[in-house]
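Residue 1114 is where the sequence shown starts when you use my numbering, and the numbers rise one by one after that. Here the structure is laid out as structure tokens; the discussion comes afterwards.
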Amino acid sequence: QVQLVESGGGLVQAGGSLRLSCAAVRSSTSINVMGWYRQAPGKQRELVATITSGGSQNYADSVKGRFTISGDAAKKTIYLQMNSLKAGDTAVYYCNAVIFMYGMTYWGEGTLVTVSS
């Protein structure tokens, strides 16, 4: 069982920055992919950014150039640096981990990011 512990959410003004952190605890198995997803009120959960154990990164078009994912799945700790935040970035941000060996996907409890305009 993998537990994902997130931190770093909060309230920020438009144009500001926040940094989210996620650590995978109680995981003795290598994690293949970790990432961040978000869900705004009334909308479906969507991908924000992912990073593999090899360091490959993937971003949603809406955050490219503003958000940076770092850390790596092999170290089981990732970060999301969010700059130039917009009101549209307001959402609950969820950490995600995928273990190919088990065919399992794990989710954190989520951390709320609120961007005031």
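Built from N, CA and C at the ideal position, the CB exists for glycine as well.
Which value, in whole angstroms, describes the spacing of the CA atoms of Q1114 and G1178?
34 Å
Identify which residue in A1186, V1146, Q1152 and A1137 has its Cα closest to the Cα of S1120.
A1137
Cutoff 6 Å; reference A1173; Cβ partners in own chain excluding five residues on either side:
Within the same chain, Cβ atoms closer than 6 Å to the Cβ of A1173 are found at L1160 and V1161, the five residues on either side in sequence being excluded.
To which residues does DSSP link S1229 through a beta bridge?
Q1126
For L1225, count the other beta carbons within 10 Å of its own beta carbon; 16 or more makes it buried, fewer makes it exposed. Which is it?
Counting Cβ neighbours within 10 Å, L1225 comes out exposed, since fewer than 16 surround it.
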